[in-house]
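*Asks:* For the sequence shown, counting from 1, position 72 maps to 67 in the working numbering; every step adds exactly one. Just so you know, even glycine gets a beta-carbon here, dropped at the ideal spot from N, CA and C. Here you go, one structure.
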Amino acid sequence: MVILGLLGALFLTRIIGPANYGLYNSVAAIFTYMVTIGKMGVNIYLVRERRDAPLELFHLAFWWLLGYGLLLTIIIGGLMLALGHYWVRTEGFIPVLLTLLGGLPLALVSAVPLALLERELDYRKTALVEIGAQVAFYCAAIPMALTGFGVWAMVAGFWASQLVTVAGFFTASRYRPRHYWNRAELRPMLRYGFSVALSDWVHQLQNLAPSMLLLPLAGSEAVGYVALARRFISMLTFVKETASRLSIPAFARIQDDTTRLLRAIQEVIQLQTLALGALFAAFAAAGLFILPYVLGERWNIPSLLMVFTLMGTRTLIGALFSIHASALMVRKQARLVLNANTVYIILLFLITYIGLVISPPEYRLLVFNCADLLAILPGCWMRHLGVLRHIGRVQYGVTLLWTGGMIAALLAPWLSWWLYLVAAGLLGQPASLRQMREILGMLAQARRGG
């Protein structure tokens, strides 16, 4: 599914160019965040509810999500009309956003049948629906893009995808909503959902920075480069996402054994650093030669690789501390994680705004990505101190050598090829090679054991 999405995205971006791609992704980021807000964590509550939970609970969730979705659509639509007119001031922003917002109630109610499928661990049906939605998106978008519809080609793809998703989940789960309402049952659902969703709401605000700051101050073309680079990063960070998802249940089993927990944190950090660093460096080196043929003349490849390089550097630094959040959650330190996320978001918007306002237009794309890189550092330090206080000292050791070496290799195609010598010097240290052999041996042993 990742490969399908990447191939479709590359072909579509080649046709419509960075400006149309940036405008659509600016609006899509707002829509996605509104879906996150609209769900209110209700989907998590439904999935984690006891096995014999009555179907009425799902009916209640359906009607709440439908009503809340309609209300949210009206409120956000009005707010964005004013924001688009007085702040964003980008042609096409308001009509495209309002067209996408019309799908918000559908996106919210589809969380109910999806929760039923997830409760049954029926990931095969879920995957089939998601693949069908992706196919529908590109089947609708590509022909329209070829005939010159620009950003509206992606809007058509969005609606085709939404309709297939909703119909697919309801069909696959065989769920049919019935009228049911009970305030007493709704309160604990929303209370629990809000408690688990709040930290994610704060963290996901980062995805609005291109829409709310870069778009009005640098234009839709700049957002297009950021959006495509993020697409590449997302494709390559499946290792990090998998590790984060699996780490909480794994850490939960050993949370009372501090020594084992610290060793597990250290091993996950090392695995993430090696895997992500190698993938990012290889992509940056190959992209310099391959992307001009794939994306065509409408895209400035050096600018795209500059954005990718800075995003990759940010991701590698963040990978040193991202797994700390899972460990802190297991130790019931959710407030600390929330505080770190809040500091990051405040700094991201503050540094980005100041940087974009004072910098010349031709440097704003660079400034935006540098601001994001700087903004994560205090939050990383807060997570480090949190683990140090509540769990113990993590031995970073050679992982710092690996991070430095991988960042040097990642920067080399953009800045200078001699940075590969720096990377080789850091990664070729005896302690580094010895730890690499140990990690590879551990993986080989785990594979044989599996």
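1) Could you please give the first and the last residue of the uninterrupted alpha helix (DSSP H) stretch that includes S168?
2) Please classify T85 as buried or exposed, where buried requires at least 16 other C-beta atoms within 10 Å of its C-beta.
3) Using CA atoms only, rank isn't needed, just tell me which of R293, V289, G282, A320 is closest to V302.
4) Taking Cβ to Cβ, would you say L333 is nearer than 9 Å to L193?
5) Output needed for F53: all residues of its chain with C-beta closer than 6 Å, excluding positions within five of it in sequence on either side, in chain order.
6) So the alpha helix (DSSP H) Q328 belongs to, where does it begin and stop?
7) Mind pulling the alpha helix (DSSP H) runs of 4 or more residues that sit fully within the region 393 to 440?
8) Report, in whole angstroms, the separation of the C-beta atoms of L351 and V362, which I expect to be a contact under 8 Å.
9) Quick one: what's got a C-beta closer than 7 Å to A276's C-beta in the same chain, skipping five residues either side?
10) Is the beta carbon of V191 sitting closer than 9 Å to the one on V159?
11) Could you give the residue range of the alpha helix (DSSP H) that holds S194?
12) Restricting to Cα atoms, I'd like to know which of A418, W413, L103 is closest to W397.
13) Any idea what DSSP makes of I386, helix, strand or coil?
14) Does the Cβ of R384 have 16 or more other Cβ atoms within 10 Å, making it buried, or fewer, making it exposed?
15) Pick helix, strand or coil for T142, following the three-state DSSP scheme.
16) What are the start and end residues of the alpha helix (DSSP H) that includes P90?
17) Tell me which residues share the same chain as R240 and place their Cβ nearer than 8 Å to its Cβ, disregarding the 5 neighbours each side in the sequence.
18) Classify R258 as helix, strand or coil using the three-state DSSP reduction.
19) Taking contact to mean at least 3 C-beta pairs separated by less than 8 Å, is the region 265 to 274 in contact with the region 196 to 207?
20) Could you check if E216 is buried or exposed, using at least 16 other CB atoms within 10 Å of its CB as the buried criterion?
21) Taking the alpha carbon of L410 as the reference point, which residue from Y63, D47, L300, R178 has its own alpha carbon closest?
22) For P13 and A407, I'd like the C-alpha separation in whole angstroms.
23) N295 by DSSP, collapsed to three states: which one?
24) Leaving out five residues before and five after I434 in sequence, what residues of the same chain have Cβ atoms less than 8 Å from its Cβ?
25) For P244, count neighbouring Cβ atoms within 10 angstroms of its own Cβ and tell me buried if that reaches 16, exposed if not.
26) Going by DSSP, what residue range makes up the alpha helix (DSSP H) through M207?
27) Is the region 182 to 190 in contact with the region 62 to 72, if contact means three or more CB pairs nearer than 8 Å?
28) What number of angstroms, rounded off, separates the C-alpha of A24 from the C-alpha of A155?
29) So, helix, strand or coil for R46, using DSSP?
30) Straight-line CA distance for R293 to R9?
31) Using the beta-carbon count (16 or more within 10 Å), is L112 buried or exposed?
32) Leaving out five residues before and five after P356 in sequence, what residues of the same chain have Cβ atoms less than 8 Å from its Cβ?
33) Give a yes or no on whether the C-beta atoms belonging to Y19 and V221 are separated by under 9 Å.
*Replies:* Reading it off the structure:
1) 146 to 168
2) buried
3) G282
4) yes
5) V107
6) Where Q328 is concerned, there is no enclosing alpha helix (DSSP H), given that its DSSP letter is neither H nor E.
7) 393 to 406, 414 to 422
8) 6 Å
9) M401, A404, L405
10) no
11) 178 to 199
12) A418
13) coil
14) exposed
15) Correct three-state label for T142: coil.
16) For P90, the enclosing alpha helix (DSSP H) stretches over residues 88 to 96.
17) Confidence at R240 is low in this model, with a pLDDT of 47, below 50, so its placement is unreliable and the value that follows should be read with caution. Excluding sequence neighbours, R240 sits near nothing in its chain.
18) helix
19) no
20) buried
21) Closest by C-alpha distance to L410, out of Y63, D47, L300, R178, is L300.
22) 25 Å
23) coil
24) E262, Q265, L266, L269
25) Only weak support exists for where P244 lies, its pLDDT of 46 falling under 50; the coordinates are left without a value.
26) Here M207 belongs to no alpha helix (DSSP H), and DSSP marks it neither H nor E.
27) no
28) 18 Å
29) coil
30) Going by the C-alpha atoms only, they are around 7 Å apart.
31) buried
32) A213
33) no
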